[in-house]
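According to the working numbering, the residues represented by the first sequence are 1 to 419, in order.
Think of the CB as a built atom: it goes at the ideal place given N, C-alpha and C, for glycine as much as any other residue.
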Amino acid sequence: MRYSKLFGQTKKSSPAGEVTVNANLLIRAGYVNKLMAGCYSYLPLGLRVLRKIENIIRKEMNAIGGQELFLPALHPAENWQKTGAWETVDVLFKIKSRTGRSYALGQSHEEIITPLVKEYLDSYQELPLFVYQIQEKFRDELRAKSGILRGREFGMKDMYSFHLNQGDFENFYEKAKEAYLKVYQQCALKAKVTEASGGAFSQKISYEFMVLTDAGEDDILYCQKCNYCINVEIAEFSQGTKCPKCRRGVLKKARASEVGNVFDLGRKYTRDFDLYVYNKNGEKIYPIMGCYGIGTTRLMGVIVEKFHDERGIIWPESVAPFKVHLLTIGRSKAVWQFSEKVYCALVEKGIEVLFDDRRKTSAGEKFADADLIGIPYRLVVSDKTVNNRQIEIKKRNQTKTSLVLLADCLEKFASPALK
RNA sequence: CGGAGAGUAGCGCAGUUGGCAGCGCGCACGGUUUGGGACCGUGAGGUCCCGGGUUCAAAUCCCGGCUCUCCGACCA
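Okay, structure coming up:
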């Protein structure tokens, strides 16, 4: 991609009154644009990051048997009335059509997936079933805040599982948990599995996946010796008390952001929508349901909160919009010809490259933009390098630079599949 | 929804006692520059958030509303 043609370029000044790091950097670097509080457009650069995050999640969900589908965001009110959520869920956006019919915008999709599964589930032999989607959710938050961490419209992967019995659900929960931890690991994040309240429709414990960051909205207590972690909203002990699990460590309190969750929905929805099967003994069974969410846009925001410095974003390679950022510095014909050659060679090898080919832009501005945008590797072709047909290479999170030949460069960045 | 702050050019902001609408960046054109956000010149660009009111005169004062940010409450 040629930066001169990219829609959504950097801004020199911070958006007015925006203090959140993720909003500030993502807006300034040209990843997102705010339409209104809690509602963001994803520009080409931002969409590339979001798609990478989604694909990491997609791969892991598929690996545990998840089947991707896509549900409507606009829902008939009747589905929400049937579960009682129409009256009780205050974040539900409600809409009236011209003809007076009532609709809801999906804040979650249990009300849609359950009757859908009912239409196709014929036998207990089809269980367990795991379906998921990646879609925008709508929640009428009283106060949207923290940039893309809490929006009124936001991206989410939501998976729903259906099981014959509690034991089967719990087995799958363990697999889902491992898959989630792999997702965060690939996003370079360390997530803690945290006990939390079950929310409005479940008296049971739920699990949240928390990443430590001051930008978060939750307080957790975690053990420094084992993996025990609990949300303070349900914790019966305080900071400094002995860990109830390993009895060796001491609990520490910290701020965190919830980047995923798992709920045991029990038979709430299958009963509400009369979704049942007969087991092999001819007994009528309402399946146990679980739901599993990962906020895709929030995950993107948390990554920025974790990986940045005073100059800009420092993307982990796995989610970076491009692998390399090629800068051309200087105006000599030799520099231009060589950088064009390098760009074309990288593109031909299938290496994701953003080429800062702006003719009149100063070196300082290109460096500053490269730091702000935060692509993992910076390549520079300039008068200093071109005589020896070399390219300067620097990692975004390091200060040292080195010189390499084009062939070495292509070798270094070639994707494993092409090697 | 309670508390606090803000809304003026595309973006960031200044605007004193009520008296011609300004600055920086960006943008367009010309020129000089070229390894860390260079410089000179010229130019375009305005519903001063919206609606009332006071006044000879309102970006400025008063009333009402809207939007944004932060804190809180809220938050499957």
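For residue i, I'd like the list of residues in its chain whose CB is within less than 6 Å of its CB, leaving aside the five on either flank, ordered along the chain.
i	result
residue 4	357, 358
residue 129	162
residue 207	193, 262
residue 373	29
residue 93	105, 138, 140
residue 183	56, 57, 60
Helix, strand or coil, according to DSSP, for residue i in the structure here?
i	result
residue 186	helix
residue 367	helix
residue 258	strand
residue 419	With a pLDDT of 45 at residue 419, under the threshold of 50, the modelled position of that residue is not reliable, and the figure given next carries that caveat. If DSSP states are grouped into helix, strand and coil, residue 419 belongs with coil.
residue 328	strand
residue 89	coil
residue 299	helix
residue 19	coil
residue 147	helix
residue 362	coil
residue 40	strand
residue 289	strand
residue 12	coil
residue 335	helix
residue 378	strand
residue 2	strand
residue 107	coil
residue 275	coil
residue 228	coil
residue 46	helix
residue 55	helix
residue 240	coil
residue 409	helix
residue 306	helix
residue 164	coil
residue 373	helix
Mind checking residue i: buried by the 16 CB within 10 Å criterion, or exposed?
i	result
residue 369	buried
residue 234	exposed
residue 96	exposed
residue 419	Any reading at residue 419 needs caution, since the residue's pLDDT is 45, under 50, leaving its predicted position unreliable; the model's value is listed next. The residue is exposed, with fewer than 16 neighbouring Cβ atoms inside 10 Å.
residue 309	exposed
residue 101	exposed
residue 36	exposed
residue 378	buried
residue 191	buried
residue 87	exposed
residue 85	buried
residue 332	exposed
residue 272	buried
residue 171	exposed
residue 283	exposed
residue 355	buried
residue 122	exposed
Which same chain residues end up closer than 8 Å to residue i when comparing Cβ atoms and leaving out the 5 residues on each side of it in sequence?
i	result
residue 335	328, 329, 381, 382, 383, 386
residue 281	none
residue 24	14, 15, 18, 147
residue 238	221, 251, 253
residue 403	385, 388, 390, 391, 392, 393
residue 197	205, 206, 231, 233, 234
Just confirm the distance between the C-beta atoms of residue i and residue j, as a whole number of angstroms; I'd bet it's less than 8 Å.
i	j	result
residue 127	residue 277	7 Å
residue 289	residue 161	7 Å
residue 124	residue 279	5 Å
residue 63	residue 179	7 Å
residue 187	residue 303	6 Å
residue 211	residue 256	6 Å
residue 349	residue 414	6 Å
residue 75	residue 110	Their Cβ separation, rounded to whole angstroms, is 11 Å, which puts residue 75 and residue 110 out of contact at 8 Å.
residue 204	residue 266	7 Å
residue 292	residue 159	4 Å
residue 66	residue 131	7 Å
At a threshold of 7 Å, does residue i count as lining the ligand GTP (C-beta to nearest heavy atom)?
i	result
residue 376	With respect to the ligand GTP, the structure offers nothing, as it holds no ligand at all.
For residue i, collect the residues of the same chain with a Cβ closer than 7 Å to its Cβ; drop the 5 residues on either side in sequence, then sort them by chain order.
i	result
residue 214	255
residue 376	315, 317, 320, 323, 395, 396
residue 39	151, 152, 153
residue 312	25, 29, 371, 372, 373, 374
residue 363	329
Cβ contact check for the segment 53–67 and the segment 283–298: 3 or more pairs under 8 Å: Flag = yes, the segment 53–67 and the segment 283–298 touch.
Stretch pair the segment 223–232 + the segment 241–250: three plus CB contacts closer than 8 Å: Verdict: yes, contact present.
Stretch-stretch touch, CB-based, cutoff 8 Å, three pairs: the segment 397–414 with the segment 337–353: Enough Cβ pairs lie closer than 8 Å, so yes.
Three or more C-beta pairs below 8 Å linking the segment 136–156 and the segment 298–311: Three or more beta-carbon pairs separated by less than 8 Å link the segment 136–156 to the segment 298–311, which places the two stretches in contact.
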